[in-house]
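Everything below concerns the one structure shown next.
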Amino acid sequence: MIRMSNVLVYLQSKGNDLLKASAEAVTAAKAIASVTNGKVHAMISSTAPDEAKEKAKQLPIDSLHVFSDLETYNLYRHAKAVQEIAEKTESTHIVLSATTHGREIGTTVAQRIEAAYFNDITAVSTGDGAVVVTRPLYANKIFLGVKLTEEKNVITTRAGSFDVPEETGTPGVFEENTEPDSMEEKFAVLRVIEPEGKRVDLTEADVVVSGGRGVGEPENWKMIEELADLLGGAVGATRAVTDAGWRPHAEQVGQTGKIVSPKLYIAIGLSGAIQHIAGIQNSQVIVAINKDEEAPIFKVADYGIVADLFKAVPLLIEEVKKLKQAN
Ligand SMILES: Cc1cc2nc3c(=O)[nH]c(=O)nc-3n(C[C@H](O)[C@H](O)[C@H](O)COP(=O)(O)OP(=O)(O)OC[C@H]3O[C@@H](n4cnc5c(N)ncnc54)[C@H](O)[C@@H]3O)c2cc1C
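FYI, numbering that gives the first Met the number 0 numbers position 23 of the sequence shown as 22, with every residue one higher than the one before it.
Below you can see the structure in the form of structure tokens.
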């Protein structure tokens with residue numbers, strides 16, 4: 000018989016907003032809590048922008064814990080806060096979104112509280128009365144259902160795999176004072192360097208325009224950037240491109256890059272290698288432009304344009320401009 004257990008969600012902000020992936024993690028937490036008959040609690044840093052904290056206060060959760068923070072991110076302070084708030088709320092399941100921070104904090108907390116750790120889950124279900132999480136393996140070739148048999152579990156959720164909760168709530172809000180962790184003096188963040196440019200974050204973007212080796216040298220990327228900017232989207236790239244140094248590594252999409260979940264993914268001059276596809280499968284609509292009609296990207300694309308990208312992309316830009324002017 001399953002023991003009643005509560006779930007704690009670690010929330011992150013991005014810019015002024017609550018991270019969409021964090022809101023999605025709340026949905027996963029609620030699915031877990033529905034199996035364990037527990038409550039869902041959440042926590043957010045006091046240094047998160049007011050807008051993000053306000054959004055967190057409207058989530059369909061039982062309580063929100065605002066923990067004191069350093070001005071710059073410190074892994075050990077955050078891990079300690081998660082541990083303390085999990086104890087306080089009697090949460091044996093801890094859910095974070097599978098961002099760089101989420102994974103880093105998740106593994107540290109799991110090690111500290113001796114919990115089982117499940118990274119990058121895409122679904123929650125139930126089997127024999129226990130919580131079952133789905134984990135993709137081998138670049139999404141296999142989806143493994145894992146029954147949670149340990150008492151304590153730390154779980155990270157893949158962006159785009161769960162919906163943002165539609166309903167709202169009025170959780171009790173608690174200010175938490177987190178004392179510094181003994182490890183903090185060994186680990187100092189001196190400053191945070193934000194990426195240049197004003198484009199939306201790849202993992203949060205509704206539109207991603209990605210280019211591959213077919214786009215070629217850095218100069219040619221102006222048209223990819225222009226299309227992304229016109230659509231209010233982010234620029235992505237394949238590993239072939241980032242390895243060649245044509246675009247920054249932060250833009251790499253795929254198995255060893257970022258997992259994206261936009262409404263629209265435009266794949267330009269990229270072949271659609273399995274490692275790239277692993278990062279785009281949560282996209283709602285995929286449009287591919289490639290001069291080779293046999294390119295594997297057309298197997299996953301909803302719309303395909305067999306054409307030379309240097310002809311097709313400028314035409315697309317013109318059409319988008321016309322549509323924008325008409326509106
Ligand atoms: C362990 C491992 C992990 C990996 N992780 C990733 C990852 O995270 N992300 C990733 O992307 N890759 C990853 N890769 C690399 C991956 O296997 C491919 O090598 C890479 O994705 C290919 O990049 P590409 O599509 O840009 O290049 P290519 O495969 O060379 O494709 C270029 C495409 O452009 C088209 N093209 C060329 N010129 C034009 C033109 N003028 N107009 C229209 N189309 C044109 C061609 O027809 C071709 O289809 C990984 C590989 C390994 C082994």
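Glycine is no exception: its CB is placed at the ideal position from the N, C-alpha and C atoms. The structure displayed is predicted, hence computed values, not measured ones.
Bridge partners - residue i, DSSP secondary structure assignment
i: L63; result: A41 and V172
i: H92; result: V6 and N152
i: G331; result: The structure shown has nothing for residue 331, since the chain only spans 0 to 326.
i: L17; result: S12
i: K262; result: Answer by DSSP bridge pairing: none, since K262 is not bridged.
i: F117; result: I154
i: G303; result: A287
i: A122; result: T133
i: I276; result: Looking at the DSSP assignment, I276 forms no beta bridge with any residue, so it has no partner.
i: I267; result: G210 and I288
Three-state secondary structure assigned by DSSP to residue i
i: Q251; result: strand
i: T133; result: strand
i: K146; result: strand
i: V81; result: helix
i: I223; result: helix
i: K56; result: coil
i: I141; result: strand
i: P192; result: Sequence inspection shows Ile at residue 192; the Pro mentioned does not correspond to that position. I192: coil per DSSP, three-state reduction.
i: K257; result: strand
i: P217; result: helix
i: L230; result: coil
i: Y72; result: coil
i: P179; result: coil
i: T35; result: helix
i: E203; result: helix
i: F309; result: helix
i: V163; result: coil
i: A47; result: coil
i: D242; result: helix
i: R198; result: coil
i: E293; result: coil
i: T348; result: No statement about residue 348 is possible, as the shown extent of the chain runs from 0 to 326 and does not include it.
i: G105; result: helix
i: A187; result: coil
Cβ-based neighbour list, residue i, same chain, cut-off 8 Å, excluding 5 preceding and 5 following
i: T177; result: F66, S67, D68, R76, K79, A80 and E83
i: M42; result: L7, V8, Y9, L10, L63, H64, V65, F66, A80, V81, I84 and E175
i: K320; result: L229
i: R246; result: G210, P217, W220, V234, A236 and V240
i: G171; result: D61, S62 and L63
i: I141; result: P135
i: A227; result: R198, V206, V207, V208, A233 and V234
i: L189; result: T71
Neighbourhood of residue i by C-beta distance below 7 Å, restricted to the same chain and skipping five residues each side
i: A277; result: A138, N139, G253 and Q254
i: E224; result: V234
i: N36; result: M3
i: Y360; result: Because residue 360 is not part of the residues shown, which for the chain are 0 to 326, the question remains open.
i: T125; result: V34 and V131
i: E292; result: V305
Other residues of its chain near residue i: CB distance less than 6 Å, five sequence neighbours each side excluded
i: V206; result: L230, G232, P261 and L263
i: A47; result: S12
i: A30; result: V123
i: V284; result: L263 and D301
i: L143; result: R134 and L136
i: K54; result: L17
Chain D contact for residue i (CB, 7 Å cutoff)
i: I267; result: Among the chains in the structure shown there is no chain D, since it carries only a single protein chain.
If you measure from each residue's Cβ to the nearest non-hydrogen atom of ligand 1, which ones come out under 5 Å, in chain order? G211, R212, G213, T237, R238, A239, G253, Q254, T255, G256, G268, L269, S270, A272, Q274, H275, N289, K290, D291, A294, D307 and L308
Would you call the region 99 to 108 and the region 206 to 225 in contact, with 3 or more CB pairs under 8 Å? no
At least three beta-carbon pairs within less than 8 Å, the region 31 to 49 to the region 106 to 114: no
Any chance the region 178 to 185 sits against the region 305 to 318, with 3 or more Cβ pairs inside 8 Å? no
Okay, do the region 192 to 204 and the region 86 to 94 touch, 3+ Cβ pairs below 8 Å being the bar? no
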